[in-house]
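Participant: Counted the way the numbering used here counts, the sequence shown spans residues 17 to 458.
Take a look at the following structure, please.
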Amino acid sequence: YKLISFFGRANYNLNDRYLAAVTLRRDGSSRFGPDNAWATFPSVALAWRLSDESFLSGNRSWLSDLKLRYSWAKTGNQAFGNYLWSSTYTFSTETACPQFGSRFVCTIRPSAVDRNIKWETTRSNNLGLDFGLWNQRLTGSFDYYVKNTDDLIFDVPVCGACNLSNHVTTNIGSMKNNGVELGLNYRVAEGPNRGLGWNVSFNVSHNTNELTRINPYADTLTPTRIPTGGISGGVGNTVQIFEPGAPVNSFFLCRQAHDNAGKPIENTYYTLKQNAAGDSTTTGCSTDRDARAFHDPMPKWILGLSNYMTYGGWDLSFTLRAHLGNYVYNNVASNQGTYQAITANASPRNMHRSVLETGFTRENVLSDYYVEDASFLRLDNVTLGFNTQLGGEAFRFFATGQNLLTITGYSGVDPTAGINGIDNNIYPRARTFVTGVTLQVR
17 YKLISFFGRA
27 NYNLNDRYLA
37 AVTLRRDGSS
47 RFGPDNAWAT
57 FPSVALAWRL
67 SDESFLSGNR
77 SWLSDLKLRY
87 SWAKTGNQAF
97 GNYLWSSTYT
107 FSTETACPQF
117 GSRFVCTIRP
127 SAVDRNIKWE
137 TTRSNNLGLD
147 FGLWNQRLTG
157 SFDYYVKNTD
167 DLIFDVPVCG
177 ACNLSNHVTT
187 NIGSMKNNGV
197 ELGLNYRVAE
207 GPNRGLGWNV
217 SFNVSHNTNE
227 LTRINPYADT
237 LTPTRIPTGG
247 ISGGVGNTVQ
257 IFEPGAPVNS
267 FFLCRQAHDN
277 AGKPIENTYY
287 TLKQNAAGDS
297 TTTGCSTDRD
307 ARAFHDPMPK
317 WILGLSNYMT
327 YGGWDLSFTL
337 RAHLGNYVYN
347 NVASNQGTYQ
357 AITANASPRN
367 MHRSVLETGF
377 TRENVLSDYY
387 VEDASFLRLD
397 NVTLGFNTQL
407 GGEAFRFFAT
417 GQNLLTITGY
427 SGVDPTAGIN
437 GIDNNIYPRA
447 RTFVTGVTLQ
457 VR
């Protein structure tokens, strides 16, 4: 594909106190049709360095920097495959050729396309504050943002007779993201004369996501919501939904019924309606009747902590990361956690250990029992190094470990293994150890 861009930018700076920047770009992409290939994306950024104003000049002993900033931008996204507006032709496979008399005739079918597909656009508003205290010993930034995305590009189900396919990629609707971000950096110790040096960085962010609108389509199977999140187990089953008012990729499943001991009852679910005695149950899961949108794969909170320490020729660094409030559908358990897994194939295969808790004899893939809280705390990396002189040249020895520790309540192999929140047994993240030396020769 081809992308052509024109870009212009203007900056204004008055005494490094009042700052402004205006940007305008014009992009054209061959991934869209002739009528929708081009789009314009402007942006504006403003900043005011409050710490240089006279009414704050008396606080220089502790307030070394304070800057207020605001930005607005419109951006575009076209990374969704090539020529989605143009139909291509595909030969049918040998096992799907219709029979005419004694002959099997393979056909050529056109792909399903939306010739009016266009850029996915996002309008962002960001209000931020940068600060530095005690001669920049403590620095940080705080941001509040609102992002509205229109003309989301997604693959939606359509009736198979509409254009020889049961799915088409098109602009499906709009969503909203808003949240806050805080980043802090603190020099705990300065470390003069090869003494102790210690720097700590911390960041935290919170985001909420909501699908605000679905575009109406005459040929979609579900005009008020769009199923997504295909899984292994059964044929054509999905466990997620695009539904206005709910987060994108919300899980859409039936509520599992349990016995008095808290054990799930096979193929039995609570209905969405209550009777006088409380929740009623039903046999089998009808997503149209009994499923509900709940939880989503995106973490509500993301936290990070980094440390870098030096003493003499030694240095030590490590990074911790945490995701809180994210959920994963354990497709390995739902597909393999049944006694049927032993006899489903000519050769027996292992069952998932969840069958010891459920006792399920057959798959119950549309049960919310398999949606798990995948919050975690992970020690991403640790590096220990020693720096010295060897023959007058700089010499460094180091040892690094990655993915050393993960604390989580998720029963699967890795709480981050799921693609869009579905864990289908992808290759797990490796724990890595590396050691090496560096010699700088002048």
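Backbone N, C-alpha and C fix where the C-beta goes; we use that ideal spot for every residue, glycine too.
What three-state label does DSSP hand Ala234 in the structure shown?
Facilitator: Because Ala234 sits at a pLDDT of 42, beneath the cut-off of 50, its placement in the model cannot be relied upon, and the following sentence gives the value as read from the coordinates. Coil, per DSSP.
Participant: Okay, do the region 294-313 and the region 263-274 touch, 3+ Cβ pairs below 8 Å being the bar?
Facilitator: Yes, they touch.
Participant: Please classify Ser77: is it buried, with 16 or more other beta-carbons within 10 angstroms of its beta-carbon, or exposed?
Facilitator: Exposed is the call here.
Participant: Does the beta carbon of Ser46 come closer than 7 Å to any beta carbon on chain D?
Facilitator: No chain D is present in this structure, which holds just one protein chain.
Participant: Please list, in chain order, all residues of the same chain as Pro280 whose beta carbon is under 6 Å from its beta carbon, the five residues on each side excluded.
Facilitator: Cβ neighbours of Pro280 beyond the five flanking positions: Gln272, His274, Thr374 and Tyr385.
Participant: In chain order, what residues of the same chain have a beta carbon less than 6 Å from the beta carbon of Val453, not counting five sequence neighbours either side?
Facilitator: The residues are Phe413.
Participant: So for Gly74, helix, strand or coil by DSSP?
Facilitator: Of the three classes helix, strand and coil, the one that applies to Gly74 here is helix, per DSSP.
Participant: Quick one: what does DSSP say Asp389 is sitting in, helix, strand or coil?
Facilitator: DSSP places Asp389 in strand when its eight states are reduced to three.
Participant: With DSSP run on the structure shown, which of helix, strand or coil describes Gln356?
Facilitator: Of the three classes helix, strand and coil, the one that applies to Gln356 here is helix, per DSSP.
Participant: Quick check: the Cα distance between Asn253 and Tyr345, rounded to an integer number of angstroms?
Facilitator: Cα to Cα, the separation comes out at about 13 Å.
Participant: In this structure, what does DSSP give as the bridge partners for Thr138?
Facilitator: The partner list for Thr138 (beta bridge, DSSP) reads Thr91 and Thr165.
Participant: Answer yes or no: do Phe258 and Ile242 have a C-beta to C-beta separation smaller than 7 Å?
Facilitator: Yes, the pair counts as a contact, with Cβ atoms nearer than the cut-off.
Participant: Roughly how many angstroms separate the alpha carbons of Leu149 and Ala55, rounded to a whole number?
Facilitator: Roughly 43 Å between the two C-alpha positions.
Participant: I'd like the list of long-range same chain contacts for Ala396, defined as Cβ closer than 6 Å, with 5 residues on each side in sequence excluded.
Facilitator: For the record, residue 396 in the displayed sequence is Asp; it is not Ala. Result list for Asp396: Thr335 and Arg337, in chain order.
Participant: Within a Cβ cutoff of 8 Å, which residues of the same chain sit near Ile358, ignoring the five residues on either side of it in sequence?
Facilitator: These residues qualify, in order along the chain: Pro364, Arg365 and Met367.
Participant: Check the C-beta distance from Asn194 over to Thr224 and give it rounded, since I have them as a contact under 8 Å.
Facilitator: So it is a contact: roughly 6 Å between Cβ atoms.
Participant: For the region 62-80 and the region 103-120, state whether three or more C-beta atom pairs, one from each stretch, are separated by less than 8 Å.
Facilitator: No, they do not touch.
Participant: When DSSP labels each residue in this structure, what does Glu110 get in the three-state scheme?
Facilitator: Glu110: helix per DSSP, three-state reduction.
Participant: Could you pull the start and end residues of the alpha helix (DSSP H) that Glu409 belongs to?
Facilitator: Run containing Glu409: none in the alpha helix (DSSP H); it sits in the beta strand (DSSP E), Glu409 to Thr424.
Participant: Report the three-state DSSP secondary structure of Thr432 (helix, strand or coil).
Facilitator: The answer is coil: DSSP assigns Thr432 none of H, G, I, E or B.
Participant: Determine, using beta carbons only, whether Phe57 and Arg41 come nearer to each other than 7 Å.
Facilitator: In contact: Phe57 and Arg41 (Cβ atoms closer than 7 Å).
Participant: Write down every uninterrupted run of the beta strand (DSSP E) in the region 224-283 whose length is 3 residues or greater and which is fully enclosed by it, in chain order.
Facilitator: You should have 242-246, 254-258, 266-269 and 271-274.
Participant: Assign Lys134 to one of two classes, buried (16 or more other C-beta atoms within 10 Å of its C-beta) or exposed (fewer than that).
Facilitator: Buried, because 16 or more other Cβ atoms sit within 10 Å of the Cβ of Lys134.
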